[in-house]
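Visitor: Right, I'll just put the structure down here and ask away after.
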Amino acid sequence: MTSPSPANPHRSWYEESARGRLSHLLDAGSFSEFLGPQRRELSPHLALFNLPRQFDDGIVVGAGALAGRPVLVAAQEGRFMGGAIGEVHGAKLTGLLHAARQMKRDVVILFDTGGVRLQEANAGELAISEIIRATVQARAAGVRVIGLLGGRAGCYGGGSLIAGCCSALVISEQGRLSVSGPEVIETNKGVEEFDSKDRALVWRTMGGKHRYLIGGVDLFVADDVAAFRAGALAALDRPATLDQAVLAAEQARLERRLARFGDAADGTEVWARLGINQPTDVPDMDLDAFLTIANRQREGADAAR
Amino acid sequence: MQPAEILTSLFPAGHQVTEEAGLLAGSGQVDGQTTVDVVGITGKTYPGVDEALTLAGRILAIAARPDPAPLLFLVDSGSQRMSRRDELMGLSETLAHLAKALWQAERAGHRTIGLLYGGSAAGAFIATALACGELVALPGAWPEVMDLPSMARVTKLSVDVLKEKAATTPVFAPGLDNLFATGAIAEIWDPAQPLSEQLKAVLARPAAGDDRARWGLDRGGRQKAATIAQEVERLALAHG
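Here the protein sequences line up with chains A and B, keeping their order. Residue numbers for the first sequence, in numbering that gives the first Met the number 0: 0 to 304. Residue numbers for the second sequence, in numbering that gives the first Met the number 0: 0 to 239.
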């Protein structure tokens, strides 16, 4: 893993913008954007809600290189509408994935999204379904689709289902991966079911450490752009295969998870069953201490995704 | 229409579809020649990790079979189950796995046809009905992305304001007609006609690719999606 140094300063992935992440993730000067802000492809729907629009609709798509290896990239901007997926935003990612299939070019998606953009809910919902179909079609053609999870908006709702179709996932401690967000669970089921203000509970249930420990993601990295770059490169060395055998292995893996942990009341109980002696210490462990224990005790996904 | 009625109309030559804990499984005979595998989620069940894995396991077993029998997925669900346990266990992975299983069945030669006859919402809708190769619906179906109280919390708009906007804004409002306009649904069946004939007509057509963006354009529900996706694809291919 790359360590921060004067030539390579620490740069928080969580704090960076989508464009900031991309410019330091990819090889210097390698990025070309498709349908960039100068094209002003605005959401046709947000004005109905008197909401501001953005010239890139909250996602940057283009081509670049990672250590000389050409890739297609998409980066969601969590600071615009919580990175939510609307009609234009979604269509940009769908088009990129269609191209990836034909070019047999690997794709890296920088997730930072609350899911469907509710002001254009039907268009966003359908866009997610189209992105999922384009993702699995690209994978069937041998294309790797890598997801990076560490943005401020997390990866929620339909975004988390897209992530679940990626060939490999990289997460930081700050990454959150979940279908229903804490506030949605609390609104529907009450504060007894989920207290969305209990940040420690949020991390224990859907945060990066928990996802890594149960095999929900493949690589755990520091909240640092250089660390995500190293993680993306490692993820690109993993297989893209998606077929009956991979899905049968995923079925077995997820069934085993439910059999092993399905009645656990809390993340700490899951981690105790993994054989971690002081599970309540996990949230406070630094990166090296966590990886030492996690890599010994965790459930791996073994490319079964 | 209720599931018993739907199954009788779909399968005049008989069916062996049973329901257990909100999930349907079995097969039916459209006529003397065509047997159709059936899976389903019924009774407004909210699929969590358990239901999603059960459905995916059944679908993968069908996908593994060499025959090309079509697969019909009956859908009347809630949203995904919203609970601490489901998220702790990785509901996003399980729902994605269900969507991938449906796609694998299709790729292995089984037509996958979703029949939305009741509700469905949010992640459950994406992983079931919307993950089928083709989606048809019956009048009275009620797809939605999110219930209004949750939407109010997330958008920080009042439920009253949302209701007012929902009445006038198709791209945001719940309901079959609005989802149809975006291109989500291939066709709406006529419950007064035998469903078996309408299913046979779908099966007689060759399986198409993903035409939903074009339908959204033709029907006026999504004016930009098709052209934006094509333009990004073109630019990427031209960049090389």
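The C-beta atom is built at its ideal place from N, Cα and C for all residues, glycine as well. Just so it is clear, the structure is predicted and the values come from calculations on it, not from any experiment.
How many angstroms separate the CA atom of L161/B from the CA atom of L25/A?
Guide: 41 Å
Visitor: What three-state label does DSSP hand P148/B in the structure shown?
Guide: helix
Visitor: Would you call F54/A buried or exposed, if buried means 16 or more other Cβ atoms sit within 10 Å of its Cβ?
Guide: Sixteen is the threshold: since fewer than 16 other Cβ atoms of the shown chains lie within 10 Å of the Cβ of F54/A, the residue is exposed.
Visitor: Using the Cβ count rule (16 or more neighbours within 10 Å means buried), how would you classify R204/B?
Guide: So R204/B ends up on the exposed side.
Visitor: Does DSSP put H44/A in a helix, in a strand, or in coil?
Guide: coil
Visitor: What would DSSP say about I61/B, mapped onto helix, strand or coil?
Guide: helix
Visitor: Under the assumption that I127/A contacts A98/B (Cβ atoms under 8 Å), give the Cβ distance between them as a whole number of angstroms.
Guide: The Cβ separation is near 10 Å, so there is no contact.
Visitor: Quick one: residues in its chain with C-beta nearer than 6 Å to the C-beta of A133/A, no 5 flanking neighbours on either side, listed in chain order?
Guide: T93, L96 and H97.
Visitor: Identify which residue in V87/A, S31/A, P51/A and Q75/A has its Cα closest to the Cα of A64/A.
Guide: S31/A
Visitor: Alpha carbons only, please: which of R233/B, T127/B and G182/B is nearest the one belonging to T41/B?
Guide: T127/B
Visitor: What does a CB cutoff of less than 6 Å around G81/A pick up in its chain, not counting 5 residues either side in sequence?
Guide: G113 and A152
Visitor: Is P142/B helix, strand or coil when you go by DSSP?
Guide: strand
Visitor: Tell me whether H97/A sits in a helix, a strand or coil according to DSSP, three-state version.
Guide: helix
Visitor: Just to confirm the assignment: which complete beta strand (DSSP E) runs, minimum length 3, are found wholly within the region 6-48 of chain B?
Guide: 17-19, 22-28 and 34-44
Visitor: Using a 10 Å radius around the Cβ and a threshold of 16 neighbouring Cβ atoms, would you call E4/B buried or exposed?
Guide: exposed
Visitor: Straight-line CA distance for A68/B to F289/A?
Guide: 49 Å
Visitor: CB T244/B to CB A120/B, shorter than 9 Å?
Guide: Any answer about residue 244/B is impossible in this case: the structure gives chain B only from 0 up to 239.
Visitor: Would you report the Cα separation of Y13/A and V29/B, rounded to the nearest angstrom?
Guide: 54 Å
Visitor: Using CA atoms only, rank isn't needed, just tell me which of R295/A, S16/A and D111/A is closest to G274/A.
Guide: R295/A
Visitor: Listed in chain order, which residues of the region 10-44 of chain B have Cβ atoms closer than 9 Å to some Cβ of chain A?
Guide: none
Visitor: Taking the alpha carbon of G157/A as the point to measure from, which residue in L147/A, V169/A, S179/A and I170/A has its own alpha carbon closest?
Guide: S179/A
Visitor: Within 9 Å (strictly less), CB to CB, does M0/A reach chain B?
Guide: Note that M0/A has pLDDT 47, beneath the 50 cutoff, so the model's placement of it is unreliable and no number is given.
Visitor: Could you pull out every residue in the same chain whose Cβ sits closer than 8 Å to the Cβ of M0/A, ignoring the five residues on either side in sequence?
Guide: In this prediction, M0/A has a pLDDT of 47, which is less than 50 and means its spatial position is unreliable; nothing more can be read from the coordinates.
Visitor: So what's V201/A in DSSP terms, helix, strand or just coil?
Guide: When DSSP states are grouped into helix, strand and coil, V201/A belongs to the helix group.
Visitor: Can you name, in chain order, every residue of its own chain whose Cβ lies under 7 Å from the Cβ of H209/A, other than the five neighbours on each side?
Guide: R203 and G266
Visitor: Looking only at its own chain, which residues have a Cβ that is under 7 Å from the Cβ of R255/A, when we skip the five neighbours before and after it?
Guide: none
Visitor: Quick one: does the C-beta of P46/B sit closer than 8 Å to a heavy atom of the ligand HEM?
Guide: Only the bare structure without any ligand can be found here, which leaves the ligand HEM out of the picture.
Visitor: Short of 9 Å Cβ to Cβ, which residues in the region 134-157 of chain B face chain A?
Guide: Per Cβ criterion, the list reads P142, E143, V144, M145, D146, P148, S149, M150, A151, R152, V153, T154 and L156.
Visitor: In this structure, what does DSSP give as the bridge partners for L148/A?
Guide: F110/A and I170/A
Visitor: Counting only beta-carbon separations shorter than 9 Å, does T181/B have a partner in chain A?
Guide: yes
Visitor: Within 10 Å of its beta-carbon, does E191/A have 16 or more other beta-carbons around it, so buried, or fewer, so exposed?
Guide: exposed
Visitor: What residue from D262/A, R18/A, A263/A and L109/A has the CA that sits closest to L176/A's CA?
Guide: L109/A
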